[in-house]
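What follows is one structure encoded as structure tokens, with my remarks underneath.
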Amino acid sequence: MLTLLKIRNLALVDELVWELGPGLIGVTGETGAGKSVIVGALKLVLGERADKSLIRTGEESCSVEAVFELGDAREINAILEDGGLAPCDDTQLIVRRIIGQSANRQFVNDSPVTLNLLKRLGEHLVDLHGPHDHQSLLSAERQLAMLDAYAGADKAHAAYRECHRAWRAKTTGLDELRHAENASEQEIELLRHQIREIEAARLRPDDEQDLEDRWRRASNASRLVESAAAAASALAGEQGVLTRLADVQRLVRELEKLDPSIREQTASLETAVLELRDLEGNLTEYAEQLDINPAEAAALEERVNLLESLKRKYGPSLADVLARRESAAARLDTIENRGEKLEFLEKELAACRAALDAAGKNLTTLRKKAAPKLAKEISSQLRDLGFKQSSFEAPLRALTDPGPQGFEAVEFQFGPNPGEPLLPLRQIASSGEISRVMLAVKTALAEQDDTPLMVFDEIDANVGGEVARAVGRKMAALGTRHQVVAITHFPQVAATASLHFVVEKEVIHGRTRSRLFPVSGETRIQELVRMLGGGGEQARAMAAALLNAAD
Numbered sequence: 162m163l164t165l166l167k168i169r170n171l172a173l174v175d176e177l178v179w180e181l182g183p184g185l186i187g188v189t190g191e192t193g194a195g196k197s198v199i200v201g202a203l204k205l206v207l208g209e210r211a212d213k214s215l216i217r218t219g220e221e222s223c224s225v226e227a228v229f230e231l232g233d234a235r236e237i238n239a240i241l242e243d244g245g246l247a248p249c250d251d252t253q254l255i256v257r258r259i260i261g262q263s264a265n266r267q268f269v270n271d272s273p274v275t276l277n278l279l280k281r282l283g284e285h286l287v288d289l290h291g292p293h294d295h296q297s298l299l300s301a302e303r304q305l306a307m308l309d310a311y312a313g314a315d316k317a318h319a320a321y322r323e324c325h326r327a328w329r330a331k332t333t334g335l336d337e338l339r340h341a342e343n344a345s346e347q348e349i350e351l352l353r354h355q356i357r358e359i360e361a362a363r364l365r366p367d368d369e370q371d372l373e374d375r376w377r378r379a380s381n382a383s384r385l386v387e388s389a390a391a392a393a394s395a396l397a398g399e400q401g402v403l404t405r406l407a408d409v410q411r412l413v414r415e416l417e418k419l420d421p422s423i424r425e426q427t428a429s430l431e432t433a434v435l436e437l438r439d440l441e442g443n444l445t446e447y448a449e450q451l452d453i454n455p456a457e458a459a460a461l462e463e464r465v466n467l468l469e470s471l472k473r474k475y476g477p478s479l480a481d482v483l484a485r486r487e488s489a490a491a492r493l494d495t496i497e498n499r500g501e502k503l504e505f506l507e508k509e510l511a512a513c514r515a516a517l518d519a520a521g522k523n524l525t526t527l528r529k530k531a532a533p534k535l536a537k538e539i540s541s542q543l544r545d546l547g548f549k550q551s552s553f554e555a556p557l558r559a560l561t562d563p564g565p566q567g568f569e570a571v572e573f574q575f576g577p578n579p580g581e582p583l584l585p586l587r588q589i590a591s592s593g594e595i596s597r598v599m600l601a602v603k604t605a606l607a608e609q610d611d612t613p614l615m616v617f618d619e620i621d622a623n624v625g626g627e628v629a630r631a632v633g634r635k636m637a638a639l640g641t642r643h644q645v646v647a648i649t650h651f652p653q654v655a656a657t658a659s660l661h662f663v664v665e666k667e668v669i670h671g672r673t674r675s676r677l678f679p680v681s682g683e684t685r686i687q688e689l690v691r692m693l694g695g696g697g698e699q700a701r702a703m704a705a706a707l708l709n710a711a712d
């Protein structure tokens, strides 16, 4: 659950530290007091894009920090590791966003992360719903996922997807092979020519550098001999370095006779002379071994030119040339032996399709069994939320071809009034109606939904009286399995919360700020009286009655 939310310099909030507990948490306050800042802060934690207009006037940056306690960190750690981050050492996850005048930054457990990674984490941490936040509920793909969750079909769905991937791969391979039947004689001859040309070169990529080195030596043999001989002569000639060093040796020996202590400083001379003599010998031997063979140089040059020509055609490297030979041989083999290959692939495809059919039928059976039960459960929840004579169905529609999610699709349909046709949820215009439908669906799927935190931002708008009380009861029921934050204007909803917080505006030193504080006992009754519209003892008695009924 979310245990701590810190907000600094965000809109009207200068500094807020909010400690949360489990169950249903109610957040109330007058319109414009700053309740939306709470939702805005959570959206930043979920990876929503932000700009500097959120920064409190006069400040350079704003920040939001959220601390989550994770009951099971496996999915979160998988996302972290996929993003190159270390997994959580314990079950605590800290998310921090900083919005600056020139740049924005985000961190998870003090490590910088991308906004995309933050969004992926957010999908597993918080389910946020406002009056217009129902896109996931309206998605047919998401509805199918909800049905599968209710049906306990996760393993069956995974098995089907694996079979579907294998079937699609075999189908693609067979299609490509069938197209090979249209290969022209010109293409076949070109493939054969490419294979012959590359094979005739007897390529070995590891020999390329050695070949170039040998060709370079052969083509420059005369210059190499000349340079080596000149260097050896400069060392050992009449005026060479070694001849002059002999004079230096005689002078040094005289110094050593007169002052033996200098030997430590002159010892390196003998070493230098020996090394230079070895160098002269090596250069002389190198020059003698160089064989100026014009025929060999020409052959090496011809070989180098051949390799360069092949690399221009099929390269840019010899490895690419060899890869081209393999691909051409595979293509030619496919064309020339397509009959056998077609027969083999058709058998494999038939086996894949049989496996797909079995997995699909198993998944369909689970869905057909669960769909009416889910519809009945949601209908029951809807009646509690004021739709006394409504209808809800989850009809399955068979697909023409097997899809990646199964043999059928589903689209939830809802009819709020008797005698009227059921319509897909996406065609429901009233935000109040779709909000309550969403709450009914969430309640029906409470056991299957593993999102730890649910946030409802004034989804009880446009309802009142007993319906508002029913909304509160449903949220409280969800609070037994999830942490739920309900931002509401209705005392019937607020009274059902296990924890109640109030957002209030105040002016200090000429600056407006929002603050959030917990209420209980008498102060909570006073807040409910305010939400009821004020009044005397009657309103107070009603507020107390709401709390007693919730208890």
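Residues 162 to 712 (our numbering) make up the sequence shown, in order.
Where is the CB? At the ideal position from N, CA and C, for every residue including glycine.
With a 10 Å radius around its C-beta and 16 neighbouring C-beta atoms as the bar for buried, classify residue i as buried or exposed.
i, result
"I620", "buried"
"S551", "buried"
"P565", "exposed"
"Q400", "exposed"
"Q347", "exposed"
"L166", "buried"
"V668", "exposed"
"R473", "exposed"
"F678", "exposed"
"G640", "buried"
"Q542", "buried"
"N170", "buried"
"R685", "buried"
"A555", "buried"
"H290", "buried"
"H670", "exposed"
"A532", "buried"
"L177", "buried"
Can you tell me the Cα-Cα spacing of residue i and residue j, whole angstroms?
i, j, result
"G208", "L276", "6 Å"
"H661", "L282", "27 Å"
"G201", "E221", "19 Å"
"D439", "K418", "28 Å"
"E569", "H650", "41 Å"
"V188", "K666", "14 Å"
"A239", "P248", "8 Å"
"D494", "G567", "36 Å"
"V174", "G182", "22 Å"
"E236", "T218", "39 Å"
"E431", "V402", "14 Å"
"L286", "R630", "27 Å"
"D336", "L510", "11 Å"
Taking only beta-carbon atoms, is residue i less than 7 Å away from chain C?
i, result
"R357", "Annotation note: the requested chain C is absent from the structure, which comprises a single protein chain."
The alpha helix (DSSP H) with residue i in it runs from where to where?
i, result
"C324", "315-340"
"Q687", "682-692"
"Q699", "698-711"
"E360", "346-361"
"M307", "301-312"
"V616", "Per DSSP, V616 belongs to no alpha helix (DSSP H); it is in the beta strand (DSSP E), 614-618."
"N238", "235-243"
"E608", "Neither: E608 is in no alpha helix (DSSP H) and is coded neither H nor E."
Quickly, what does DSSP pair residue i with across the bridge? List them, please.
i, result
"K666", "S675"
"V402", "Partner(s): none; V402 has no beta bridge."
"T189", "V663"
"V413", "Paired residue(s): none; V413 is not in a bridge."
"N265", "I260"
"L177", "I168"
"Q574", "E554, P585"
"G567", "G564"
"P248", "Paired residue(s): none; P248 is not in a bridge."
"A559", "E569"
"P421", "DSSP, once it has assigned bridges, lists no residue as partnering P421."
Terminal residues of the continuous beta strand (DSSP E) containing residue i?
i, result
"Q644", "644-648"
"L282", "L282 -> not in any beta strand (DSSP E); alpha helix (DSSP H) instead, spanning 276-286."
"S222", "222-230"
Starting from the C-beta of residue i, find all residues in its chain whose C-beta is less than 7 Å away, skip the five residues before and the five after it, and write them out in chain order.
i, result
"A489", "L352, Q355, I356"
"T604", "Q542, K635, A638, L639"
"G521", "Y321, P563, G567, F568"
"G190", "K196, V663, V664, E665"
"E594", "P577"
For residue i, which residues from the same chain have a beta carbon less than 8 Å from its beta carbon, with the 5 sequence-adjacent residues on both sides left out?
i, result
"K529", "L557"
"N578", "Q550, S551"
"G476", "V482"
What residues in its chain sit with their C-beta under 6 Å from that of residue i, if we drop five residues either side in the sequence?
i, result
"F548", "P577"
"P585", "E572, Q574"
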